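Following: one structure in structure tokens, then a few remarks.
Shown next as structure tokens:
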């Protein structure tokens, strides 16, 4: 009986130490993750690309920059709430920086188009960066000037750089839309070509499972 109690106490002690280690590790990993929120057209298009990037932990499609709380897709699509379709990225700055993420952001959409992106028309598709602090604000402004000075896009950038206020996740239907609906006509004609172009340009930044074979 004493042996059983001793073994039980040892097990409980080890289990307690393990749980404490997990909690500390969880707190550490959560603390070092940072967030960036921006929009550049339909969130279906941006989301699958950023999910492939090494250092990106999570990408959530949603709405930001509007007037009312918890808007629906229908409300945002009406243009009356002034929300933009955006994605919110959780990333590890040890693997990829805020500025590097913005470089990809400029590449993936045309920031010279006002209140539209390709065939998607409306203020909800506007180009927008919602900064969380002064550092993100300055880096966003510098990144815009740098990108605009290149020949990536012709014309003046109309991207809004505004303070982040809140973010409302979109309905489950919109999360990982491309992965769930690869045969949808919009996915085939609009998203797939964008992903292919992105993977070719930024292959070196992708997670191993998404890298293109160089052979």
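In UniProt numbering, the protein residues as written are 1 to 215. Quick reminder that beta carbons are idealized off the backbone N, C-alpha and C, glycines included. None of the values given here were measured: they were computed from a predicted structure.
- Task: List the DSSP bridge partners of residue 84.
- Result: Counting from 1 along the chain shown, the entry for residue 84 is found at position 84. In the DSSP output, where bridge partners are listed per residue, residue 84 has 64.
- Taking all protein chains shown into account, do 16 or more other C-beta atoms lie within 10 angstroms of the C-beta of residue 146, making it buried, or fewer, making it exposed? Indexing the chain shown from 1 puts residue 146 at position 146. By the 10 Å Cβ count, residue 146 comes out exposed.
- Query: With a CB to CB cut of under 8 Å and the five nearest residues on each side skipped, what residues in its chain are close to residue 103?
  - Reply: For this step, residue 103 is matched to residue 103 along the chain shown. Hits under 8 Å: 143, 147.
- Does DSSP put residue 209 in a helix, in a strand, or in coil? Position 209 of the chain shown, counted from the first residue, corresponds to residue 209. Helix at residue 209.
- Query: Less than 8 Å separating the beta-carbons of residue 62 and residue 81?
  - Reply: Here residue 62 corresponds to residue number 62 of the chain shown, with the count starting at 1. Here residue 81 corresponds to residue number 81 of the chain shown, with the count starting at 1. Not in contact: residue 62 and residue 81 (Cβ atoms no closer than 8 Å).
- Task: Over the uninterrupted beta strand (DSSP E) stretch that includes residue 131, give me the two end residues.
- Result: Reading the chain shown from its first residue, position 131 is the one you call residue 131. Here the beta strand (DSSP E) through residue 131 covers 127-131.
- Item | Alpha carbon of residue 181 to alpha carbon of residue 51, nearest angstrom | Translated into positions along the chain shown, residue 181 becomes position 181. Translated into positions along the chain shown, residue 51 becomes position 51. Going by the C-alpha atoms only, they are around 16 Å apart.
- Query: For residue 52, is the beta carbon positioned less than 7 Å from some heavy atom of the ligand GTP?
  - Reply: Questions concerning the ligand GTP fall outside what the structure shown contains, since it holds no ligand whatsoever.
- Over the uninterrupted alpha helix (DSSP H) stretch that includes residue 105, give me the two end residues. Position 105 of the chain shown, counted from the first residue, corresponds to residue 105. Where residue 105 is concerned, the enclosing alpha helix (DSSP H) stretches over 98-108.
- Message: Bridge partners for residue 39 per DSSP, in chain order?
- Response: Within the chain shown, residue 39 is the residue found at index 39, counting from 1. Note: residue 39 sits in a beta bridge opposite 128.
- Taking residue 157 as the reference, give the member of 164, 64, 129 with the closest Cα. Sequence index remark: in the chain shown, residue 157 carries index 157 (1-based). Among 164, 64, 129, the Cα nearest to that of residue 157 is on 129.
- Task: Return the residue from the list 200, 34, 44, 165 that minimises the CA-CA distance to residue 175.
- Result: Position 175 of the chain shown, counted from the first residue, corresponds to residue 175. Residue 44 is the option with its Cα nearest to residue 175.
- Query: Are the Cβ atoms of residue 184 and residue 124 separated by less than 8 Å?
  - Reply: Against the chain shown, residue 184 aligns to sequence position 184. Against the chain shown, residue 124 aligns to sequence position 124. No, they are not a contact pair.
- Query: Taking only runs of the beta strand (DSSP E) that begin and end inside the stretch 133-213, which ones reach a length of at least 3 residues, in chain order?
  - Reply: The qualifying runs are 160-163.
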